[in-house]
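Visitor: Let me give you the structure first, and then I'll get to my questions.
Numbering (my numbering), first residue to last: 51 to 385.
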């Protein structure tokens, strides 16, 4: 007589057993050390192709959160933190100690990214990122160069030397395009298109690509620079005398030094000030905010609207100078 018994499936089907298995898995994840959690998050950021600076920024901020708790003699168990503890012992502590609201918000954004990752990977059961809010910030007065200051800066580099002409070219490109210094130094020779009269930023802020137009004067200067640059063993557009990619710190320090040499005061002499200055003169010369948004690579119109608001006095001064009615009156038209 043949047996009617069926072979058992080698799977667990009962809800109780599955719950036990799930509970064991969660429990194991809750035993992961902070250094391993941080490294796992960093690896995830790299896998998402975030920029090296962004990954470093995240890592430094998370380590700073740990230091903030420890400085107050508080236990830091990242998997057991509550929203209240983060608000009072971290965010509140930073504000009490006078950290700038923009700095605080940068660290809050890091927290949101970190805790979202921990939640999605099953390390924590509640997504604390959903409950964290940015703090209010005061709008800062954006500093820009005057036309005279721009000319003084452009006249400062010794264009008879490679480094001097390189710095001159960099300042002209920043003034022409308003690109960020990080975007400028990430340019490769293949990103400049002379025929199309544009520069293609392949890795802008937030890993977004965009095209920025350049005009005849800037094209001419870039062509001359690339001839002086010559063939070197790197594709980076801006290089040092050894033919290596120019470091950001070097570019910043060089521009600061030019500012000191010409005696500029009352305004921060930095690559980013060229970006604000480009926006200012673009608006004053009649450029529209939608095109400016695309050129600068802003995701929303908020910043360019702020530029218009900020430079309203300059716009009024320009209107007073070029008002059609006032000009007609000066020439006694209509009398």
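All C-beta atoms, glycine included, are put in the ideal place defined by N, C-alpha and C.
Bear in mind the structure is a predicted one, so any value in this text is a computation, not a measurement.
So the candidates are 350, 313, 278, 159; which of them puts its Cα closest to the Cα of residue 206?
Guide: Looking up residue 206 in the chain shown gives position 156. Looking at 350, 313, 278, 159, the one whose alpha-carbon comes closest to that of residue 206 is 313.
Visitor: Looking at the unbroken beta strand (DSSP E) that takes in residue 251, where does it start and where does it end?
Guide: As a working mapping, residue 251 is identified with position 201 in the chain shown. Element bounds for residue 251: 248-251.
Visitor: Please report the Cβ distance between residue 288 and residue 237, rounded to the nearest whole angstrom; I am assuming they are in contact, meaning their Cβ atoms lie under 8 Å.
Guide: As a working mapping, residue 288 is identified with position 238 in the chain shown. As a working mapping, residue 237 is identified with position 187 in the chain shown. With 8 Å as the limit, residue 288 and residue 237 qualify as a contact, their Cβ atoms being about 7 Å apart.
Visitor: What distance in whole Å lies between the Cβ atoms of residue 308 and residue 234, which are believed to be in contact at a cut-off of 8 Å?
Guide: What you label residue 234 is simply residue 184 of the chain shown in a count that begins at 1. What you label residue 308 is simply residue 258 of the chain shown in a count that begins at 1. Rounded, the Cβ-Cβ distance is 16 Å, inconsistent with contact.
Visitor: Just curious, the beta strand (DSSP E) that residue 262 is in, first and last residue?
Guide: In the chain shown, counting from the first residue as 1, residue 262 sits at position 212. Element bounds for residue 262: 260-263.
Visitor: Tell me which residues share the same chain as residue 273 and place their Cβ nearer than 8 Å to its Cβ, disregarding the 5 neighbours each side in the sequence.
Guide: Along the chain shown, read from residue 1 onward, the residue named residue 273 stands at position 223. Only 244 meet the Cβ criterion.
Visitor: If contacts are defined as beta-carbon pairs under 8 Å, then residue 225 and residue 324 qualify, I think. What distance do you get, rounded to the angstrom?
Guide: Translated into positions along the chain shown, residue 225 becomes position 175. Translated into positions along the chain shown, residue 324 becomes position 274. Yes, they are in contact, since the Cβ atoms of residue 225 and residue 324 sit about 5 Å apart, within 8 Å.
Visitor: Go through its chain and collect everything with a Cβ distance to residue 181's Cβ below 8 Å, but skip five positions before and after it.
Guide: Position 131 of the chain shown, counted from the first residue, corresponds to residue 181. Excluding positions up to five away in sequence, the list reads 133.
Visitor: Looking at the unbroken alpha helix (DSSP H) that takes in residue 352, where does it start and where does it end?
Guide: The residue you call residue 352 lines up with position 302 of the chain shown. Per DSSP, residue 352 belongs to the alpha helix (DSSP H) from 352-360.
Visitor: In chain order, which continuous runs of the alpha helix (DSSP H) of length 4 or greater are located wholly inside the region 265-294?
Guide: 266-279
Visitor: Which same chain residues, not among the five before or five after residue 290, have their C-beta less than 6 Å away from its C-beta?
Guide: The residue labelled residue 290 in the question sits at position 240 within the chain shown. Hits under 6 Å: 296.
Visitor: Who are the Cβ neighbours of residue 111 in its own chain at under 6 Å, not counting the five residues just before and after it?
Guide: In the chain shown, residue 111 corresponds to position 61, counting from 1. 157, 160, listed in sequence order.
Visitor: Below 9 Å between beta carbons: does that hold for residue 230 and residue 348?
Guide: Start at 1 with the first residue of the chain shown, and residue 230 comes out as number 180. Start at 1 with the first residue of the chain shown, and residue 348 comes out as number 298. Taking C-beta atoms as the reference points, residue 230 and residue 348 fail to come closer than 9 Å.
Visitor: Out of 85, 136, 135, 345, state which residue places its alpha-carbon closest to the alpha-carbon of residue 329.
Guide: Start at 1 with the first residue of the chain shown, and residue 329 comes out as number 279. When each option's Cα is compared against that of residue 329, the closest is 345.
Visitor: Please state if the CB of residue 129 and the CB of residue 87 are separated by a distance shorter than 9 Å.
Guide: Position 37 of the chain shown holds residue 87. Position 79 of the chain shown holds residue 129. In contact: residue 87 and residue 129 (Cβ atoms closer than 9 Å).
Visitor: Please name the residue in 320, 177, 264 whose C-alpha comes closest to that of residue 217.
Guide: Your numbering for residue 217 matches position 167 in the chain shown. Residue 217 has its Cα closest to that of 320, out of 320, 177, 264.
Visitor: If you follow the alpha helix (DSSP H) that residue 320 is part of, which residue opens it and which one closes it?
Guide: Position 270 of the chain shown, counting from 1, holds the residue named residue 320. Unbroken run through residue 320: none, as it is neither H nor E.
Visitor: Report the rounded CA-to-CA distance for residue 366 versus residue 342, giving the unit in angstroms.
Guide: The residue you call residue 366 lines up with position 316 of the chain shown. The residue you call residue 342 lines up with position 292 of the chain shown. Approximately 20 Å between the Cα atoms of the pair.
Visitor: Classify residue 311: buried if its beta carbon has 16 or more other beta carbons within 10 angstroms, exposed otherwise.
Guide: Within the chain shown, the letter at position 261 stands for residue 311. Label assigned to residue 311: exposed.
Visitor: Threshold first: 4 residues or longer. Then list the alpha helix (DSSP H) segments lying entirely within the region 145-214, N to C.
Guide: Runs found: 151-170, 197-204.
Visitor: From this set, 280, 317, 150, 167, which residue's C-alpha is nearest residue 89's C-alpha?
Guide: Counting from 1 along the chain shown, the entry for residue 89 is found at position 39. Checking every option, the nearest Cα to that of residue 89 belongs to 167.
Visitor: Give me the DSSP bridge partner(s) of residue 116.
Guide: Counting from one through the chain shown, the residue named residue 116 turns up at place 66. DSSP, once it has assigned bridges, lists no residue as partnering residue 116.
Visitor: Between 174, 284, 241, 103, which has its C-alpha nearest residue 81's C-alpha?
Guide: Within the chain shown, residue 81 is the residue found at index 31, counting from 1. From the listed residues 174, 284, 241, 103, the smallest Cα separation to residue 81 is found for 174.
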